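Asker: Position 370 of the sequence shown, counted from 1, bears residue number 369 in numbering that gives the first Met the number 0, the numbering being contiguous throughout. Beta carbons are placed, not taken as given, at the ideal position from N, Cα and C, and that holds for glycine. Since the structure is predicted, the reported quantities are computational estimates derived from the model, not experimental observations.
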Amino acid sequence: MRYLPLTEADRSDMLAVIGAPSVDSLFRDVPESVRLAGPVDLPAHQGELEVERALTAMAAENVAAGSVPFFLGAGAYRHHVPASVDHLIQRGEFLTSYTPYQPEVSQGTLQYLFEFQSQVALITGMDVANASMYDGATSCAEAALMARRVTKRPNVVLSGGLHPHYGETTETLLKFLDSKIDAMPADIEGTEDIVSRIGADTACVIVQYPDLFGRVRDLQPVADACHDAGALLVVAMTEIVALGALRSPGEMGADIVAAEGRSLGNPLNFGGPYVGLFACSDRHVRQMPGRLAGETVDVDGKRGWVLTLSTREQHIRREKATSNICTNSGLCALAFTIHMSLLGEDGFRRLAALNHVKAVQLADRFAAAGIEVLNQTFFNEMTVRLSGPAAPEVDRLAAEGVLAGVPVSRLLPNDDRARDLLLVAVTETATEDDMDRLVAALTETV
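(1) Does the segment 130 to 141 come within contact of the segment 256 to 274, defined as at least 3 CB pairs closer than 8 Å?
(2) Can you pull the DSSP bridge partners for glycine 275?
(3) Round the Cβ separation of alanine 128 and glutamine 116 to the nearest angstrom and send it over; I've been treating them as touching at under 8 Å.
(4) What is the DSSP secondary structure of glutamate 31, reduced to helix, strand or coil?
(5) If distances are taken between C-alpha atoms only, which option among Leu267, Asn413, Leu306 comes closest to glutamine 106?
(6) Measuring only the C-alpha atoms, how far is methionine 132 from aspartate 12?
(7) Report buried or exposed for alanine 292, applying the criterion of at least 16 other Cβ atoms within 10 angstroms of its Cβ.
(8) Got a sec, what are the start and stop residues for the alpha helix (DSSP H) glutamate 114 sits in?
(9) Please confirm whether any heavy atom of the ligand PLP lies closer than 7 Å to the CB of leucine 121.
(10) Quick check: the Cα distance between threonine 169 and valine 233, rounded to an integer number of angstroms?
(11) Please report the distance separating the alpha-carbon of glycine 300 from that of methionine 145.
(12) Considering alanine 57, what are the terminal residues of the alpha helix (DSSP H) in which it resides?
(13) Compute the distance between the beta-carbons of isoleucine 122 and leucine 333, then report whether it is under 8 Å.
(14) Assess, as a yes-or-no matter, whether the segment 352 to 370 is touched by the segment 187 to 199 under the definition of 3 or more beta carbon pairs within less than 8 Å.
(15) How do the segment 420 to 427 and the segment 71 to 89 stand: do at least 3 beta-carbon pairs fall below 8 Å, yes or no?
(16) Which residue or residues does DSSP assign as beta-bridge partners of phenylalanine 69?
(17) Rounded to a whole number of angstroms, what is the C-alpha to C-alpha distance between glycine 124 and phenylalanine 347?
(18) Considering Cα atoms alone, identify which of Arg147, Ile17, Met57, Tyr208 is closest to glycine 249.
(19) Can you give me the C-alpha to C-alpha distance between serine 322 and aspartate 9, rounded to a whole angstrom?
(20) Please state the DSSP three-state secondary structure of arginine 282.
(21) Are glycine 243 and leucine 350 close, meaning C-beta to C-beta below 8 Å?
(22) From the DSSP output, in three-state form, read off arginine 364 for me.
(23) With serine 83 as the anchor, note down where its alpha helix (DSSP H) starts and where it stops.
(24) Contact check, aspartate 181 vs proline 153 under 8 Å by CB: the rounded distance?
(25) Can you find the residues in the same chain that come closer than 8 Å, C-beta to C-beta, to aspartate 200, ignoring five residues on each side of it along the sequence?
(26) Given this structure, state the Cα-to-Cα distance separating leucine 112 from threonine 336, to the nearest angstrom.
(27) Quick check: the Cα distance between leucine 157 and alanine 53, rounded to an integer number of angstroms?
(28) Using a 10 Å radius around the Cβ and a threshold of 16 neighbouring Cβ atoms, would you call methionine 0 buried or exposed?
(29) Which residue comes first and which comes last in the alpha helix (DSSP H) that contains isoleucine 239?
(30) Would you tell me roughly how many angstroms separate the C-alpha atoms of alanine 362 and leucine 341, rounded to the nearest one?
(31) Please determine, among Met287, Val240, Glu371, the residue with the shortest C-alpha to C-alpha distance to alanine 140.
(32) Just the Cα atoms here: how many angstroms apart are alanine 417 and glycine 270?
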């Protein structure tokens, strides 16, 4: 009770009103065997200044992404976010608004959601996009659920190039449904035959673009095979900046795109929050999860915005909802929208081109140093093979002030093939010196 500003008299009066003899009696349904015998083993309360000092000291033990050469990726990429983005989203009218439960009086919120949807639909090449999801992984899982509703089929095929976290999230959401998850082995070699896994009960095939290992491939043949079999193609993306340079999923026949949008407008933030993107073809829009903001005119003919689709469990009966994830990361979606608006189409393309150029420069350095790059194609991320286990090398380089990448063994702990592989991502934030330091440090062990 030490954190509540109540006196003993206050507590006695409250207990008397509800007819409880003591505070402990409120917890009588909790077995005594699982109750704590005393306070939690945490430091005693302190003043604000003391707490600030303690937390600052703890934070200083971390290596900040912007303080050293940074090549981590695998779903979380470091990009430059203009200062104006953070300034604008902290304006009171944006920062304090959230879910538009009375959408007709939330015109500003609905307008930026409409702009956000328009941007996502444009870059993914899809007909329609929703007002965002929780993150890329849950967006991927929601796409599988949507495909089951559309096709009325139970089973889902997961490519071996799909990020394991996306696959695991999808399996979790489908765990208690009458559904079979066909998770293919990790496609380290880039030779998987996913088309052969499509059957009469397949609701959808989920592939990542670029895939977990950084490879870029034409998805049109997979889309054609899905459609011939009556299944849907779901394209998952962890690096949305790639769409400034690559052919869009919609152009290759994707039915649903489930992506992570954090790369635009949102810094890494120690792991969150993220923002999920979700787009689909218009023929399936009625089964799309989340919210959809639309443009209209009022009785006076003035332009306005409305919530045209909102079939979440907060709004209708739970069993009829298309989504039970009760947030759409609205502020993160706004940051995405502002960053994209500042870039414009030309700026978005230039940003993507710069990412790819940097990656090519790093790949050339690897080749010159005798470090094997597994990729034949890539956008800004690639897989390299070291002469020994990658995880200890990452630890060694981190101690030397270089965040070298993500050991594939961290994502695939039970796959011996992953032991010596390192995922390396390079964005516009990497300098020539950063790349030279990385290659020099890795060359010591090749």
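Answerer: Per the coordinate set shown:
(1) yes
(2) Met132, Glu259
(3) 4 Å
(4) helix
(5) Leu306
(6) 45 Å
(7) buried
(8) 106 to 123
(9) The model on display carries no ligand, and the ligand PLP is accordingly not part of it.
(10) 12 Å
(11) 36 Å
(12) Residue identity differs from the one stated: residue 57 is methionine in this sequence, not alanine. Where methionine 57 is concerned, the enclosing alpha helix (DSSP H) stretches over 47 to 58.
(13) no
(14) no
(15) yes
(16) Leu402
(17) Between glycine 124 and phenylalanine 347, the C-alpha separation is close to 15 Å.
(18) Tyr208
(19) 43 Å
(20) The answer is helix: DSSP assigns arginine 282 an H, G or I state.
(21) yes
(22) Reduced to three states, the DSSP call for arginine 364 is helix.
(23) 82 to 88
(24) At roughly 11 Å, the Cβ-Cβ gap does not stay under 8 Å, so aspartate 181 and proline 153 are not in contact.
(25) Arg152, Pro153, Asn154, Lys179
(26) Between leucine 112 and threonine 336, the alpha-carbon positions lie close to 8 Å from each other.
(27) C-alpha separation (whole angstroms): 45 Å.
(28) Residue placement at methionine 0 is flagged as unreliable, the pLDDT there being 49, under the threshold of 50; the coordinate-derived value follows with that caveat. Methionine 0 comes out exposed.
(29) Looking at the DSSP string, isoleucine 239 is not in any alpha helix (DSSP H), and its letter there is neither H nor E.
(30) 30 Å
(31) For the residues Met287, Val240, Glu371, the minimum Cα distance to alanine 140 belongs to Met287.
(32) Looking at the two C-alpha atoms, the distance is approximately 24 Å.
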